[in-house]
Every structure is written in C-alpha cells, then in structure tokens.
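Colleague: Please read through the structure below; I'll follow up with questions.
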Amino acid sequence: MTHYIARRLMLTVPVLLLVTVIVFTLINMIPGDPALVFIGGEAGQDAVEALRKQMGLDRPLFVRYVIWLNRLIHGDFGKSVRDGRPVLDVLLLKLPVTVELAIVALTVAWAIAIPAGVLAAWKRQSVVDYTATTVALAGISIPNFWLGIMLIYLFAVNLRLLPPSGYIEPWIDPVRNIKLMIMPATVLGTALAALVMRLLRSSMLEVLGTEFIRTAHAKGLSDRIVIARHALKNAMIPVATVMGLQLGGLLGGAVITEQIFAVPGIGRLAVESIFTRDYPMVQGVVLFSAVAIVFVNFSVDVVYSFLDPRIRLVEDKT
Amino acid sequence: MATRESTLPLAPRARSIPTVGFRYFLHRYARNRLALVGLWVVLIVFVSAALAPLISPADATKTNFGALLLPPSREHPLGTDDLGRDILSRIIYGARTSLLAGVISVGLALAMGLPLGLISGYFRGHLDNVLMRFTDALLSFPFLVLALAIAAILGAGLGKAMIAIGIVFTPGFIRLSRAQVLSERERSYVEAARAMGANDRRIILQHILPNSLSPVLVQASLAMAVAITAEATLSFLGLGTQPPTPSWGSMLNIAQAYLSRAPWMAWWPGLAIFLTVLSLNLVGDGLREVLDPRLR
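In order, the protein sequences belong to chains A and B. Numbering of the first sequence is given in my numbering, commencing with residue 1 and proceeding in unit increments. Numbering of the second sequence is given in my numbering, commencing with residue 319 and proceeding in unit increments.
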C-alpha cells in the first residue's frame, strides 16, 4: 500500500512542477514590461530600470522561475495589482463561496443522475431509457450561460419566485442563501448530471452482464436487491474515478455561472481580474485550480486503491 | 517479373475495399435516426453559413434606430436588437463565426496533437515520457479556466480565441492518438510492413495513421461541439468575437441587459448554439457507434 502511494506521489510531483512551469510561461508571455505597467507611463527610464532590478526582472528567466517557485512554496502568491491585497488571502476568502456552490451543484447532479442512470440501464431500451438518454444529451449540449439566462428570465423576471442574482452568507440569512443558490447550482449541475448519468448507465450495463449478477439472480434475490447491493456498488467505481475531471468542469463552469448570477467566488474573481489586467490574481486562480485538481486526482486514486485492491495490485506488478 | 504479376490482380481489389467500406459505413450510420437528423441539421447550419449574404433578409451589422427592440414580426421574423439590427440575419451570420471557431480550433488541435501523439506512441522512450507528463499537467487545468487565461494573455478577438481553444484541446488529441498507436504498432501488419523493408516514416504514415483515424474522427466531431460552446462562452464574457461582428455568444451577452423588455434577444442565439451543439453531439455519437469496434 505504502509502495503504491509512494509511486503515485512520484508521478504527482513532476506534474505539479510542470503545472508551475506552464503558469510561469503563460504569465511571462503577457505583452508589456511588468515594471513599466506597475510604475505607470510617466516614470523616467532610470526609475523603470531601478524597479526592474528590484523586481528581479533583469535576472535570467530560469533564475526568476526558481525564485518565483520558492515564494509559491512558502505561500507567497504575490499581491493584487488592483488593491495590493495578498493573492492567497483573496483566494481563501472567495473559496468557501465556490465550494458551497460546487457542493450544492454536485448534490443536485448526483441526486438526479444516479436514479436516472440506474433506471435507464435497468429498463434498457424502454421509454424511460430513451427519455433519460435524450434529456442527458440535451443537458450536455445546452450552453450553461444560456440556461442561466433562461432560468433568470423565467423564475426571476416572469414568475418572480427567486431573486435574480447575488449572494449572502448562509449564517447571515440561510433562507435567502438557499434561494440565491437554487439557480446557479442547477445551471452548474446540469451538464454534470448528464455526464454522470451517461457514464453510470453504460457502466451499469456492463456490470449487469457479468457472471456474479447472474449468480445473484440465481440465488433468488429480487431485482431491487441485485441492483442496489451488487450492481450499483461495482458500477460506481468508474463513475467516482472521474471525480477529478468533474472538479475541473465544476471550476470551469463556476466561472460562467458565478459571472451570470453575481456570485462572489473564485470564478467571478477570475473574470474580474482578467478584465482589470490583475495578472498576479489571474496567475493565482489558474495555479490554484490546477493544483486543486492534481490533489483531488491523487486522493481519489489513493482512496480507490483502498476500496478496490485490483487497482493497486495491477499497478504494483507492472 | 513474377512479383509484378502477383501484385496485379490484387491491386483493383484493394482499391475497391474503401468504397464498400464507405457504403457499409453510410448504411450503418443511417440506421441511427437521431444521428441522421443531427447530420442534416449540421449540414443546414453549414450551408446557411456559406450562403449567408444570399439568404439573410437584411444587413447583419446595419443599425436602424427607428426599429429598436422590435418583437418578432413579418418584417423581422426573429425581432430586432438594441441597435435595431435584424436578429435573423445576425443569427445566420453568427453561424459563420461559430463554425469557423469550431473548425479552426479543432483543426489546430489536430495539427498539433496528431503528429505529437503518433511520434510519442511510436518511438516511446524519453520523448514519450516527457510529453505524457506535459499533457498530464495541461489536462490538470480546468478547460475553461485555461482557455480564459490564454485568451486574456493573447487579447480579445475571434482569431485569438480560436488559438486559445485549440491549445487547450491539443493534449486530448495527443493522448488519444498515442493510445491508438500503442495498440496498432504491436499488430502483425506493422511487423509485416517492417519485414518488407518499410522505414518508420512509411510505417507511421501509410500503415498506422489510417488505422488510427476512426477514434480521432469521433473525438474531433465531439470536440467541435465543445469548441463552439467555448467560443460562445469567451464571446459571452467579452473575450472572443468583438462587435459589430455577429457571434451567438456576444449576442447573448447583450441580451442579458434587455431580458424583461426584449426576451427574444436571448431566445434565438441560445437556441442556435443549443441546436448546433446538440446536432454535432448526435453526429459524434453516431460516428462512434459505427466506427468503434468495441460497440459492434
């Protein structure tokens, strides 16, 4: 087991390093001299040169990368160009909002997708199956920003049932918090629900065709018990392993969802800092989301090697 | 002399296989009704984009301050927008933007990803290792966040958005074509080609590439759907197509401000994206069903 974790960790470290290299490269591709941008157009040549030296911009690229990486490791993500606040502080301030949105969206998505996927596989090629697969395909194809706008049009503008946009902390006004979360979470969860449903359906179909399911039926167990106790458990393995990918989708989707519904999370922060050319903040958001995904993937793999010994045994043999 | 004689009768038969294969392919594809409907819709969108100047009822960028925010009518079947422009014409011209974005960004990703994947999978070794860790790292970024960051660095504009989307798609195509090569290179036909004296270049281009293309084709059609959504998203956020060029995404961005006064401004561009993306997904699923041997 330790052997497996160690091997998996060895694979993670170079990926993390490459992630930082990519982000560093991206930031250095930004046109314009950062010192000049920082100091403003009126400053003299000497002052710009002095600042360049102070910011370390006169050093070779590789040296600058090492210094930058060293700062990152010590939790220094730089300061916002807009208001001088440390990037990491702002990220940690916005994170709980996005996490809440993601959890509600995940809950909505899984609550729809798991019963729908099981039912579609169980009643294969029935009306239920066709309806579920068609709705899922539509769910994948619908642009989430359009879905968001249409929900606002229907529930906020026309029916006046829900507030159109905004955010309030759950401990200040829990009811309003839920009301404000319903639409963004639905928008964010739709594509995810569709993906999970399709994946679960095909993985259920595969499991339902195996020998041990036939054995369970032969023992005289009812359909219900075979599905719930035997099939679903095994069919969930591939579904749950894509958690890391789902997190990527959630973070990407959060950008647009938070923008439409004015939810002050990481996604909205990303868009705002892009438009205000707050590059340290952009760098922080991009780096943060990638590192989060790498860690989630790592944890999922480790948890799965506990749950399913086949994974670690096969890996160890190779 | 003897060798020439023995290859002659084989030649025509070898040439006739693709046509039978193609007919077989069409036959199988057409059995999936939804995929057929999807293909028709995609064709209609392509044709209207190509014939935009001929079929659109009005100039897509001409403002008319006497006809602001008009609801759908005989004169303007889909209504007019905040600057009095005909929405139907803008939707038709917007199809050009969307399809261009889809084709160019996926083409770019293919042009970069396919050769890298082929080389990486065929030669293995250090290059393969480095490239795989690199794709691992690139795939760790959320798709939209990375596309946004690249678009932000390159600056706003349709061309730059297409480059950003193309870059983000590339690691997926590297992965896919590499996996394909890894399984193909062990097949006996590759061994046979090598025994006949074919060099690596010939083996890759003449033998492995054609046999690896089907999953890449499926992936490309599905990626086009994602690329069209991504362009619309970037334009919606103001980082893609710039006004006055019509783009479904930027039309929705403007429509947001007029939701209560002119909701039709938000209906049509969204519906256009939805139908196009849905049809491309149907085509992709249909292709997968026919081309993926595991499903046969």
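For glycine and all other residues, C-beta sits at the position ideal for the given N, C-alpha and C.
Nearest CA to the CA of proline 460 of chain B: which residue from B:Asp400, B:Ile485 and B:Ile409?
Modeller: Nearest C-alpha to proline 460 of chain B: B:Ile485.
Colleague: Can you tell me whether aspartate 404 of chain B is helix, strand or coil according to DSSP?
Modeller: DSSP places aspartate 404 of chain B in strand when its eight states are reduced to three.
Colleague: Counting contacts by CB-CB distance shorter than 8 Å, is proline 184 of chain A in contact with chain B?
Modeller: Chain B contact via Cβ: absent.
Colleague: Can you give the Cα-Cα distance for tryptophan 358 of chain B and alanine 348 of chain B, rounded to whole angstroms?
Modeller: Each residue's alpha carbon lies about 11 Å from the other.
Colleague: So which residues on chain A does asparagine 599 of chain B lean against when the C-beta distance must stay under 7 Å?
Modeller: Correct list: Leu137, Ile140 and Ser141.
Colleague: Give a yes or no on whether 8 Å exceeds the smallest Cβ distance from proline 581 of chain B to chain A.
Modeller: Yes - at least one Cβ of chain A is within 8 Å of the one on proline 581 of chain B.
Colleague: With a Cβ-Cβ cutoff of 8 Å, do glycine 547 of chain B and valine 595 of chain B count as a contact?
Modeller: The sequence given here places threonine at residue 547 of chain B; glycine does not occur at that position. Yes, the Cβ-Cβ distance between threonine 547 of chain B and valine 595 of chain B is below 8 Å.
Colleague: Aspartate 454 of chain B CB to nearest chain A CB: under 8 Å?
Modeller: Answer yes: the Cβ-Cβ gap between aspartate 454 of chain B and chain A drops below 8 Å somewhere.
Colleague: Once you ignore the five residues that flank alanine 292 of chain A on each side, which residues in its own chain have a CB closer than 8 Å to its CB?
Modeller: Same-chain partners within the cutoff: Leu247 and Leu251.
Colleague: If we require 4 or more residues per run, which alpha helix (DSSP H) segments fall completely within the region 348–374 of chain B?
Modeller: Counting whole runs of 4 or more residues, the region 348–374 of chain B contains the alpha helix (DSSP H) stretches 351–368 and 370–373.
Colleague: Contact between the region 582–589 of chain B and the region 499–517 of chain B: three or more CB pairs below 8 Å?
Modeller: Output reads no: the region 499–517 of chain B does not touch the region 582–589 of chain B.
Colleague: In three-state terms, what does DSSP make of proline 86 of chain A?
Modeller: Residue state, collapsed to three classes: strand.
Colleague: Is the beta carbon of alanine 193 of chain A closer than 8 Å to that of isoleucine 112 of chain A?
Modeller: Result yes, Cβ atoms of isoleucine 112 of chain A and alanine 193 of chain A sit closer than 8 Å.
Colleague: Quick check on the burial criterion: 16 or more other C-beta atoms within 10 angstroms. Buried or exposed for phenylalanine 383 of chain B?
Modeller: The residue in question, phenylalanine 383 of chain B, is exposed, as its Cβ has fewer than 16 Cβ neighbours within 10 Å.
Colleague: Between which residues of its own chain and alanine 511 of chain B is the CB-CB distance below 6 Å, once the five residues before and five after are set aside?
Modeller: So the qualifying residues of the chain are Ile521 and His525.
Colleague: Pair every Cβ in the region 203–213 of chain A with every Cβ in the region 225–242 of chain A, then say whether three or more of these pairs are closer than 8 Å.
Modeller: The region 203–213 of chain A is in contact with the region 225–242 of chain A.
Colleague: Tell me the rounded alpha-carbon separation between valine 242 of chain A and glycine 515 of chain B.
Modeller: C-alpha separation (whole angstroms): 44 Å.
Colleague: Does the beta carbon of tyrosine 4 of chain A come closer than 8 Å to any beta carbon on chain B?
Modeller: It does not; no Cβ of chain B falls within 8 Å.
Colleague: With DSSP as the reference, please indicate the residues paired to threonine 398 of chain B in a beta bridge.
Modeller: Looking at the DSSP assignment, threonine 398 of chain B forms a beta bridge with B:Asp404.
Colleague: Give the residues from the region 471–488 of chain B that approach chain A closer than 7 Å (Cβ to any Cβ), ordered along the chain.
Modeller: Answer in chain order: Ile471.
Colleague: Comparing the C-beta of threonine 551 of chain B with each C-beta of chain A, is any distance below 8 Å?
Modeller: Cβ-Cβ to chain A under 8 Å: yes for threonine 551 of chain B.
Colleague: Taking its Cβ as the centre, do 16 or more other Cβ atoms sit within 10 Å of phenylalanine 340 of chain B, making it buried, or is it exposed?
Modeller: Exposed, since its Cβ has fewer than 16 Cβ neighbours within 10 Å.
Colleague: Could you round the C-beta distance between glycine 189 of chain A and isoleucine 260 of chain A to whole angstroms and report it? I think they count as a contact, below 8 Å.
Modeller: That pair is no contact at about 14 Å.
Colleague: With a CB to CB cut of under 6 Å and the five nearest residues on each side skipped, what residues in its chain are close to arginine 606 of chain B?
Modeller: The answer, listed in chain order, is Val536.
Colleague: Sorted by chain position, which residues of the same chain lie with C-beta nearer than 7 Å to aspartate 129 of chain A's C-beta, five sequence neighbours on each side aside?
Modeller: Around aspartate 129 of chain A: Ala120 and Lys123.
Colleague: Between the C-alpha atoms of leucine 369 of chain B and alanine 590 of chain B, what's the straight-line distance to the nearest angstrom?
Modeller: Approximately 17 Å between the Cα atoms of the pair.
Colleague: Mind checking if glutamine 125 of chain A is an interface residue toward chain B, Cβ cutoff 8 Å exclusive?
Modeller: By this cut-off, glutamine 125 of chain A is not an interface position.
Colleague: Can you tell me where the alpha helix (DSSP H) with glycine 484 of chain B in it begins and where it stops?
Modeller: Unbroken alpha helix (DSSP H) run through glycine 484 of chain B: 476–502.
Colleague: Would tryptophan 146 of chain A pass as an interface residue toward chain B - the criterion being a Cβ-Cβ separation below 8 Å?
Modeller: Yes, tryptophan 146 of chain A counts as interfacial toward chain B.
Colleague: Going along chain B in order, which residues have a C-beta closer than 8 Å to the C-beta of isoleucine 256 of chain A?
Modeller: Chain B residues near isoleucine 256 of chain A: Leu462, Thr551, Phe554 and Leu555.
Colleague: What does a CB cutoff of less than 7 Å around alanine 320 of chain B pick up in its chain, not counting 5 residues either side in sequence?
Modeller: At alanine 320 of chain B, the pLDDT of 43 sits below 50, so the modelled position is not reliable and the matter cannot be decided from this model.
Colleague: Assign lysine 53 of chain A to one of three DSSP states: helix, strand, or coil.
Modeller: Residue state, collapsed to three classes: helix.
Colleague: From the beta carbon of serine 495 of chain B, is the nearest beta carbon of chain A less than 8 Å away?
Modeller: No, serine 495 of chain B lies away from the interface with chain A (no Cβ there is under 8 Å from its Cβ).
Colleague: Does lysine 79 of chain A come out as helix, strand or coil in the three-state DSSP assignment?
Modeller: Three-state DSSP puts lysine 79 of chain A in a strand.
Colleague: If I follow the unbroken alpha helix (DSSP H) through isoleucine 471 of chain B, where does it start and stop?
Modeller: 461–472 is the span of the alpha helix (DSSP H), which, as asked, contains isoleucine 471 of chain B.
Colleague: Using 8 Å for Cβ pairs, my map puts threonine 415 of chain B next to glycine 402 of chain B. What's the rounded Cβ distance?
Modeller: Actually they do not touch by this definition, with Cβ atoms about 21 Å apart.
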